Amino acid sequence: MTGIERDEIARVTVLGCGTLGASWAALFLAHGLDVAAYDPAPGFAERTAPAIAEARAQLAELGLTGQGALRFHERQADALAGTDFVQENAPENEAVKRALLAEVDRLLPPSVLVASSTSAMLRSAIVADCTRPERILVAHPFHPPHLVPLVEIVAGTPEVAARASRFYARLGRRPVVLNREMPGHIANRLASALYREAVNLVAEGVASVADIDAALCNGPGLRWAAMGPHMTYHLGGGEGGIRHYLDHLGASQVRRWASLGTPDLTSDVKDRIVAGVEAEAAGRSLAELAARRDAALMGILKARVEVAGDDG
4 MTGIERDEIA RVTVLGCGTL GASWAALFLA HGLDVAAYDP APGFAERTAP
54 AIAEARAQLA ELGLTGQGAL RFHERQADAL AGTDFVQENA PENEAVKRAL
104 LAEVDRLLPP SVLVASSTSA MLRSAIVADC TRPERILVAH PFHPPHLVPL
154 VEIVAGTPEV AARASRFYAR LGRRPVVLNR EMPGHIANRL ASALYREAVN
204 LVAEGVASVA DIDAALCNGP GLRWAAMGPH MTYHLGGGEG GIRHYLDHLG
254 ASQVRRWASL GTPDLTSDVK DRIVAGVEAE AAGRSLAELA ARRDAALMGI
304 LKARVEVAGD DG
């Protein structure tokens, strides 16, 4: 067994240095890992460095002050040389992903894991041109990954899933492993189901965009930061827990499911959503809103306890 297989990862290559790549890089650096960064876009280093610095400052506020070394590379092969792990963040384009992963697979020794971030594509499709597809996995985060702990893992073997899970857990992430691949994985499918009904409520004129958003983040969203839907209804079932809930209140869920909408994103609906979001934003820029989001996430992370999580 090699050192890498014992998860002694010290150097990570970040391929693709947009907002996602910068966030990943900051997390790795804050945990003392060295980072080699590459992006084919001209001048990427000048754009990426400030974003990494900002994210590292946020992580330092959370107590993560590791001093990994950061180096930007002009050639992908140089960024990959001597790496222990690859975090790939190329655009959500199957042809681009397939070609990139095949090239990375060709250049690296077989023991190095390659983690691809894709919000919806299937692992089996993006590894189709790889010689060693078994060492390539999907590791899909939620933005921004240096603050949001979730990492969804889709791997070709249980061994690779376990190795990747150990690595991300070492970084304070919360890996979840899919037993089989599914478009959108877990979290985006849940989010899409919720957003479909949020759009339907706008389309049906039930409430304003701002009030729909407020209903979520001031109600179930608070509970969902600590426990998922199954645990929520387990606690809602009284002394009988989830069995009692499903036996006695499950029918009410079925009735609500039947009433959920299947809206179309017509021009009118899109215009109403855009106007509603602009009203809710109240003149704040995207940068201001992102800063407020990050501050809120940091406050939640400092206070949060996962109801069904590990005590440690």
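According to the numbering used here, the residues represented by the sequence shown are 4 to 315, in order.
C-beta: ideal position from N, C-alpha, C; glycine also.
As the structure is a prediction and not an experimental result, all values here were calculated from the model.
Would you tell me roughly how many angstroms separate the C-alpha atoms of residue i and residue j, rounded to the nearest one?
i    : j    : result
Q70  : A33  : 6 Å
A285 : G224 : 22 Å
A25  : L252 : 46 Å
G134 : H146 : It is Thr, not Gly, that sits at residue 134 in the sequence shown. C-alpha separation (whole angstroms): 30 Å.
Q90  : C20  : 10 Å
G279 : A217 : 12 Å
I215 : E77  : 46 Å
E137 : T160 : 7 Å
V277 : A213 : 11 Å
S270 : G312 : 43 Å
S288 : L204 : 26 Å
E155 : L304 : 19 Å
V141 : E184 : 10 Å
E8   : A298 : Per-residue confidence for E8 stands at a pLDDT of 46, beneath the threshold of 50, marking its modelled position as unreliable; no derived number is given.
W260 : E200 : 10 Å
A210 : Q79  : 50 Å
G315 : V151 : For G315, the predicted model reports a pLDDT of 45, less than 50, meaning its position is unreliable; a value from the coordinates is still stated below. Going by the C-alpha atoms only, they are around 18 Å apart.
E291 : F88  : 34 Å
T5   : V17  : Note that T5 scores 39 on pLDDT, short of 50, meaning its location in the model is unreliable; the coordinates nonetheless yield the value given after this. C-alpha separation (whole angstroms): 22 Å.
E283 : G239 : 32 Å
D250 : A128 : 41 Å
T121 : F170 : 19 Å
H247 : S114 : 48 Å
E106 : P45  : 20 Å
T235 : I189 : 17 Å
A254 : K273 : 33 Å
P112 : G85  : 9 Å
L36  : V15  : 7 Å
A118 : L103 : 12 Å
With a cut-off of 8 Å on the beta carbons, I'd call residue i and residue j a contact; round off their distance for me.
i    : j    : result
P178 : A194 : The pair is not a contact, with the Cβ atoms about 18 Å apart (cut-off 8 Å).
Y41  : A82  : 4 Å
L174 : L300 : Not confirmed; about 16 Å, so no contact.
L73  : I55  : 7 Å
R126 : V157 : 5 Å
A206 : P266 : 4 Å
R307 : A229 : 7 Å
V180 : A196 : Incorrect: roughly 21 Å between the Cβ atoms, too far for contact.
A123 : N191 : 7 Å
A131 : R101 : 6 Å
For residue i, name the three-state secondary structure that DSSP assigns.
i    : result
I215 : helix
A39  : strand
V150 : Per the sequence shown, residue 150 should be read as Leu rather than Val. L150: coil per DSSP, three-state reduction.
R259 : helix
L268 : coil
L67  : coil
N221 : coil
T134 : coil
V205 : helix
K305 : helix
P112 : coil
V310 : coil
H233 : helix
N96  : coil
G315 : With a pLDDT of 45 at G315, under the threshold of 50, the predicted position of this residue should be treated as unreliable, and no value is reported.
P161 : helix
T86  : coil
P53  : helix
R126 : helix
I276 : helix
R173 : helix
A167 : helix
I245 : helix
S26  : helix
A13  : coil
G286 : coil
H251 : helix
G239 : helix
A190 : helix
A58  : helix
In the DSSP output, which residue or residues are listed as bridge partners for residue i?
i    : result
I156 : A142, V180
E91  : L18, S119
F75  : A40
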